[in-house]
Structure formats: structure tokens, C-alpha cells
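All remarks here apply to the structure that follows.
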Amino acid sequence: MATESSRFKFDFDPGFQSSRLRIAWYALIGVLLAGGAVAAYIRLTEGMASTNLTSIVPWGAWVAFYIYFVGLSAGAFLVSTMANVFEIEGMHRIDRDALFAAIISMVVALLFVWIDLGRMDRMYFPFIWRQLTSALSWEVHAYVAYIGILVTELYFSMRIDLARVADRASGLRERFYTALTLGRDDTSEASQAFDRRWLKRAGILGIPLAIFTVHGGTGVLFAVSKARPYWNSGLFPVIFVISALLSGTALVMMIYVLRTKLFDGESVDPALLDRLAQLLIGFIIIDAALTAIEAFIPLASLHPHEIETWQVIMYGPMSWSFWWFMVGLSWVFPMVLLSKKSWRRTPSVMVLAGLSVVIGIIAVRFNIVIPAQILPVMEGLPHGSYFPTLVEWGSSIGIMAVGLLLYTLGAETLPLTPLGGDHE
Amino acid sequence: MSSADGDVLPGVPSVGREDLDSMVDAETTDPREELADVDADTELGVEMAEDAKRVARGELTGDEYWAKHDAAAAAEFGDAYRETPNPAVDAGDQTVSTEAAESMQCTVGSMDTVAAETAQTDDGEGGIGAGDEKWGMVIDLQKCVGCDSCTVACKAENRTPPGVSYNVVMEEEHGEFPNTSRTNVPKPCMQCENPPCVQVCPVSATYKMDDGVVNIDYDRCIGCRYCMIACPYGARYFDFGENYDDEVDEASEITSPEYGVDRGKREEKKSPVGNVRKCSFCTHRLERGEEPACVETCVGDARNMGDLDNPDSEVAAMADSNRAFQLKEDEGTDPNVYYLK
């Protein structure tokens, strides 16, 4: 393959452009991890008593973050299929970014599921005992299959560049990259075509898996609960998927700009940025519209339990999270930033829009999980109230820092940007 | 006013210990008369009884007692004696040493093994919850006075930790003075025919037993709390690991044998800590032929327990009456707890 690699010009230098930025970034992650470790230690020694959860509000911040990261993952994955399945022009550039972010999000989501278990030592039990009627039982298996699909896709998407890098490198680095190619170090056109074909096949399998089982299924997990009328609707899982697409697109857009600027030291493609921004507009509109419908139906039906739940959301003590974060940060503010074509082509403005959505959707997830548990399931039982403890916040930030660390390590070593002529 | 007579309170009879003891003696039947009615040797019986009192007073050791009587007892009772469980085997606090116990002629085994075998033969083949009954509870709201005794009896019986209460009474006042009324609705686990909690458990740790009671396997439950989300009655509680040790000395020393499993002391990180808990209809009491603690304690006799599958049972008749209803009937859960309005 000597002629191949000499013909193929590329410059592989992943990682931060600025070493000062690298130090600052790892220092920040280190601080977050240290804080998270303290919180996790308290969680492990004191058990669930270290949370503000009660028997009235048994699901809290960890569950909200769990569905948030499943959503981010599903959304990011679906954006990747625009490149590798639907072959939308110009999207190939962000294929691996999206897949890698989807994998890391899934790891983070499962860490949140794990820390939320009353018996963390029994986390493997769902693979020993099952319940066919339990959405959660199915979900656990779907997550594993989905992570398998994501890793497979990332492999087929990135393998040829791993082989090219291994070819160029020597010593330990060569062995590292060769190991990641799983021994398939062919860099010919034929091998690339083979990878593309299998990438597409895995993507086609992954689309229904992500939409219907992974994220739709997570919505179903809530929607089947007839004890909580606020969740118990057919539209609910659909909104789950739409808000996942919204947050996933925003995340990919943000990562694309930041990694291109800070790691590759290249300029952002304004056309691609505009395309992602327009997608984001579409998802914001659909998400807001479906949420309005979801609120309107029970309000118009005068269903007392749901009316009260919506009153809790809109006027209760936590209504700030609805108005400022859910409505403000995930819909209105990004919509303003996305409204002008010149802004849609300005990387810094789009990073701000992406960040706004990514933060805003956190409130969407909290407003899904918590309010449905505030109203008692039966008249005469006490109302619930919940705000996470420092341990819950700290451990949550720690788990997210694990995700950031894994992502950064990956971004510093893997060819997430297609090398050389693979730019389309 | 201090005199010898001053200690005697008006209206209280003045009796000493001797008087009381002699009253006991007067009530006690004559052992010879009593033993005359049975086939066994009267003299041996009286002698063994007298020596047993000496053992109790510490004048005689357990070993000496059995050395003296073992042979005579074996001769008198034959096989019946030899097949008696040996009271000394495996028992740490017996008055008989291991050597003496082993030399005795009654060698069937410890009391525990014999007791367990008896229980098993009563049980049929399936163990806990395998009964033919379909346990149901009927609560007469006309009789409930809202005293919360059931809640207290339940906590005492099941030794539930703070924040866990298998039974609660939902109390509501309606109307304005003077036209007010009060509704008290005691609420245990409904032991639904179609339990949403069983439906959602990812590891099948909660399931319906043959006798209709919804079980929780504390050794399998992973503590995900999905069942608590799914329960339309708020009947499930998470065990956060708290205890009453600050209020009551040694409160954690024993636990209730819920679902027939004796888990010994309540300890940190040991199940059921970190698990979901709920009312079991006092399965451990049902298995030994007793009513649940709440039913037994109810001052107004408002709570009734029985077999809903038996058409002659009182609960079946009450559950069929036109006063009967279930909570949240439109949920399709079909509770086995009925209320009479």
C-alpha cells in the first residue's frame, strides 16, 4: 500500500491546538471529578438516604439525567444517519463526531441508571432475570444492543483512517491504532466501499432501534404508567424522540464547531453549520408544538389530575425551570439566535444556540420526571416535594465529568475528523 | 401519721407474699390425682416433676437429672420416648451438657428440625404463599373510627423502619361546621389481581403467589423503584436504611419474617435496605393460621380477612354485597381488598 499512502496526503495531529487550553480543560475536569468522587463516596456509604428522594417522589435527578443522556445519544445518532444512511451532502464531516458523542452519552446514561439503583451491587440482575411485560427490562437490553450498533458504526466509519494512521505511526502508537482496526489494515478503495456498505447497514438497523426502542422505549417506560396520568399518553414517547433529536442536533452542532476550532485548528464550514441550524429550527418548532398539544388535550378534557400537574409545572415552586430553562433556553432564546442567516453561519453564535438547547433540555427532562410525582396518586395521601441534595448534584456533575474526560481522551487520540480527501 | 397501719391504704386488702403463694397452691391440682388418669407410672411422673423443680431452683444439674431418669423414662415410655426430639441438641442455652444429651436415648434430633418438618407437612408442596385460598380483605368503612390502630399494629408486627408504613389510614374531613363528615379509608397493599407493579419489575422480583398475595423477593430486587412509580395506590415504600435505634434500644435486633424468610438483625446495606417494601397481608401470620395484625387489632372489627374463592366465607359474601367497592376500579387492577361503603 506504499503507493496508496504516498498518494494520500493527510496531516494527523488530533488534540488541543493550544497546550494551555488543554491544561486548563483537564484541570477543570479534574476538579469536577474530585467533587464528584466525594459525592459518590457519600452516596456509596450512606446509601439512598443521602438523596432527597422519598417514597412519594422515588425518582429524581439521576433518573432525569439518565433520560436526558439517552436522549442526547439517540439524537446525536440520528444526526449521524443523515450522513451515513441518507447520505445528505456535506454531512459526512460530522458522522464520527455524532457517533462518538452518542456512545459517550450512552455510557453516561448507564452510569446514572447505576447510581440510582437502591442495590448498586445487583446491577447485572436484569440480565439474569427478566420480565416480558416490563418496559425497563426491554430497555436494558435495547441499550446494550444500541451501544453495540454505535460502536460497530464508529468502527466502520473510522477504520480506514485508523489504518492510515497506523501505517504512518510506529511503536506503541502503531500497535494502538492497529488494534483499533481489529487487524483490517487495508486502505484500498475496495475496503472503504466495504466499510461504507456495512456502515449503512448498521445505521439502517440502528434507526428503528434508536427511535422506537432506545428513546421511544424510554418514553414508553413512563407512558405505560397509568398511575401517573401526566405520562400516560400516546404522544408522550413521540415528544421524547423529538426532544432527543433537538438536543442531539444541538450537541453535534456545538461539538462540530468547538472541535474544528480548538482541535483541528480549521475553519468551520458555514454551509454545514447553516444546515444543522435549520434542522435545529425544525426540531424546536416540532418539539414546542407537540408539547403544546400534549398540554392542550388534558386541559381541554378537564382531567383534574393532569390539570393540577400542569399547574404545578407552570405555577408551582419549580416553575422557573419551565419558563426560564424549558421555554426560554430550549425554545425561545435559540430560536432568536437561529432566526438570521448570517448568525446561522457564525460559529460562536451557533455554539451559544447549541449550548442553550443542550442546557434547556435538562429542564425538559426534570419537568418530565418530577411533576408527575408531586400530586399524590390517591386523594388523602400527602403531596410530594423534591429538590436534589448536594450529593445528588455533585455525583451528577461527577458522572458528566467522566463523560467529558472520555470524550476528550477520544477526541485527542482518534481520527474523528475524516482525513484528507474524505471531506465531502 | 406514720404508723404500721398507715401503710395500709383504705379499700386495699392487706395480703403478704405467703397469702398469695398459698392461693397458688390452693389452685394447683394434686399431681397424683392428675397422673392417676393416664396409663404412665404415677410415681415416676411425680418424682421427675419434683426433680425438674430442683433443676429450676439450681439444686440439681440437668446432667444429673437425665442420668437419674433417662433409663426409667425409656423403660416406661418405650418407642414414644425414643422418638421424642432431644431438647438439648443444637441448643446453646440448655441445662444439659452436650455429652449428657448425646448419651440420652431420645435421639430424633433437635426441636427445631422436628418443628420444621411438622410445618412442611402442613404446607403441602409449595412452601410460602402456595395455599389454595385467594386471600382477600374486606374493610367496612361504616365501622372504621379512624383510630389508626391498624397502622400501629402493622408497624409493630412488621417492624417497618421510619418512612415505611405498609398500612395507612387516609383521613379526610368534608363539609363546613356544623355539617361535617369525616371519611377514614384504611389502605394496605391491594394485592391486585392485575398488579401494575408486577408488570413493570425488570427482574421479576415482585410477583403474585398462588394465594393471591403479591410477593417481593428482597434478594432479587435491585431497588430501581419502577414499581413505586407504577402503583396506582401508593402502597409501596422504599427502604432508605433508617431505623428506630435512637428512639428504642436494640430496635434493629430482630426483623419480621416477611414472606416466611427470617432475615435476622436489621443491618446496613443488607436487604431489605435498598429494596422496595409493602404490605404482605402478613403472609407469615396467614401461614400459621393467624389473621394479619391489622385485622386482629381493629377495635371496631372493621377489617375482615378470608378466602375470596370460598363462596361460604364471610369475606366472599361481603365482597359480593351491594355495599362493596374497590379503590380505583377503572384502573383494571381488580384489587383483592374490598371496601364496604
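Residue numbers (our numbering), protein chains in the order written: chain A, 120 to 543; chain B, 766 to 1106.
Glycine included, each C-beta is placed from N, C-alpha and C at the ideal position.
* To do: Evaluate A:I223 with the Cβ neighbour count: other Cβ atoms within 10 Å of its Cβ, from every protein chain shown; 16 or more gives buried, anything less gives exposed.
  => buried
* Starting from B:S973, follow the alpha helix (DSSP H) in both directions and report where the run begins and ends. => Here residue 973 of chain B turns out to be Lys, not Ser, going by the sequence shown. Where B:K973 is concerned, there is no enclosing alpha helix (DSSP H), although the beta strand (DSSP E) it sits in stretches over T971 to K973.
* To do: Report yes or no: is there a C-beta of chain A within less than 8 angstroms of the C-beta of B:D888?
  => Because B:D888 carries a pLDDT of 41, less than 50, the predicted location of this residue cannot be relied on, and no value is offered for it.
* Asked: Short check: CB of A:A254 to CB of A:V189, under 8 angstroms?
  -> no
* **DSSP bridge partner residues for A:T536 (one or two, in chain order)** => According to DSSP, A:T536 bridges with nothing at all.
* Asked: Could one say the Cβ of A:V496 lies closer than 8 angstroms to chain B's Cβ atoms, at least one of them?
  -> yes
* To do: Please report the Cβ distance between A:E182 and A:D240, rounded to the nearest whole angstrom; I am assuming they are in contact, meaning their Cβ atoms lie under 8 angstroms.
  => According to the sequence shown, residue 182 of chain A is Val rather than Glu. Not really, about 19 angstroms apart at Cβ, beyond 8 angstroms.
* Residues bridged to B:G939 by DSSP? -> One point to set straight first is that residue 939 of chain B is His, not Gly, in the sequence displayed. Its beta-bridge partners are B:S946.
* Hey, is the region 344–364 of chain A in contact with the region 375–384 of chain A, meaning 3+ C-beta pairs nearer than 8 angstroms? -> no
* Would you mind sorting A:Q492 into buried or exposed? The rule is 16 or more other CB atoms within 10 Å of its CB. => buried
* Using DSSP bridges, identify the partner residues of B:D905. => B:L1105
* Determine whether the Cβ of A:W248 lies closer than 8 angstroms to any Cβ atom of chain B. => yes
* Asked: Is the CB of A:S420 under 8 angstroms away from at least one CB in chain B?
  -> no
* Chain-ordered neighbours of B:V979 on chain A, where CB pairs are closer than 8 angstroms -> What B:V979 touches in chain A: nothing, since even the nearest Cβ is about 14 angstroms away.
* Asked: Taking Cβ-Cβ distances below 8 angstroms as the criterion, which residues of the region 1014–1043 of chain B are in contact with chain A?
  -> E1033, K1034, S1036, V1038, G1039, N1040 and V1041
* Got a sec: is the Cβ-Cβ distance from B:R947 to anything in chain A below 8 angstroms? -> no
* For A:H334 and B:S1086, the rounded distance between their alpha carbons -> 47 angstroms
* Asked: How far does the beta strand (DSSP E) with B:V979 in it reach, from first residue to last?
  -> V979 to I981
* **Residues bridged to B:R1042 (per DSSP)** => B:Y1002
* Beta-carbon spacing of A:A180, A:E511 below 8 angstroms -> yes
* Asked: According to the Cβ coordinates, are B:V903 and B:A1016 closer than 8 angstroms?
  -> no
* Asked: Nearest chain A C-beta to B:C909 closer than 8 angstroms, yes or no?
  -> no
* Asked: Between the region 435–458 of chain A and chain B, which residues of the former have CB atoms less than 7 angstroms from a CB of the latter, in chain order?
  -> none
* Asked: Shortest alpha-carbon distance to B:R1001 belongs to which of B:E1007, B:E1012, B:D1010 and B:G988?
  -> B:G988
* Asked: For A:L500, which residues in chain B fall below 7 angstroms Cβ to Cβ?
  -> M935 and G999
* To do: Just mark B:P926 as buried or exposed, buried being the case when its beta carbon has 16 or more other beta carbons within 10 Å.
  => buried
* Compute the Euclidean distance between the alpha carbons of B:D835 and B:V1026, then round it to the nearest angstrom. => 37 angstroms
* Pull up the CB-CB distance for A:S515 and A:F184, whole angstroms please, since I reckon it's below 8 angstroms. => 5 angstroms
* To do: Thinking A:A363 and A:G194 are a contact (beta carbons under 8 angstroms), I'd like their distance in whole angstroms, please.
  => 4 angstroms
* To do: Give me whichever residues DSSP pairs with B:M1070 in a beta bridge.
  => B:M902
* Reduced DSSP secondary structure (H/G/I, E/B, other) of A:E498 -> strand
* Residue ranges of each alpha helix (DSSP H) within the region 386–437 of chain A, 4 or longer -> 389–419 and 423–434
* **Check whether A:G237 and B:R990 have beta carbons under 8 angstroms apart** => yes
* Whole-angstrom C-beta distance between A:V376 and A:M469, which should lie under 8 angstroms -> 6 angstroms
* Asked: Would you call the CB atoms of B:V1060 and B:V910 closer than 8 angstroms?
  -> no
* Where does B:K1093 sit, in a helix, a strand or coil, going by DSSP? -> coil
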